[in-house]
Amino acid sequence: MRLEILKTMVAAESSRQLSRYGLAMEGRQFRESRKGVEEYDPSLSLKSDYAAAYTRRSGLGESWGDIDDARRMYTRGLEVTKRIGGRAHQHELQLGSIFWG
C-alpha cells in the first residue's frame, strides 16, 4: 500500500527529493532493487549532499553484484560526508569502501 502511495506522489511531483527517496527505500524493502536505483539516482540529482541516500544506494550495487557501481557510490558518498560532516554515514561508507575498494 505504501509503495503505491509513494509511486503516486512521485508521479504527481517528480521534483520532490524526499518522495523519491521514500519510494527508493520502500522499493528496496520489497526487493525491487532495480526500481530503487531508478529512484535513488534522481533523488541524488535533486539533493546531491544527502548522505543517507549514498549509503543505501551503494548497497544496491552490492546486492546485484555490480562491484564497480557499489565502489562508485561509496566513493561519492565518502566525498559528500567529508564535505558536510555526516559522521554516521561516513563510517558505514568507509567500511564499504574498504571492503569493495
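Just add 42 to wherever you are in the sequence shown, counting from 1, and you've got the working numbering.
Glycine residues also receive a C-beta, built at the ideal position from the N, C-alpha and C atoms.
- Cβ contact annotation for Ser139 (same chain, cutoff 7 Å, sequence separation greater than five): Tyr116, Thr117 and Leu120, in chain order.
- By the neighbour-count criterion, in which 16 or more other beta carbons inside 10 Å mark a residue as buried, Leu60 falls on the exposed side.
- Take the alpha-carbon of Ala93 and the one of His131: they are about 6 Å apart.
- One Cα belongs to Leu86, the other to Tyr96, and the distance between them is close to 8 Å.
- If you draw a straight line from the Cα of Gln136 to the Cα of Asp83, it is about 20 Å long.
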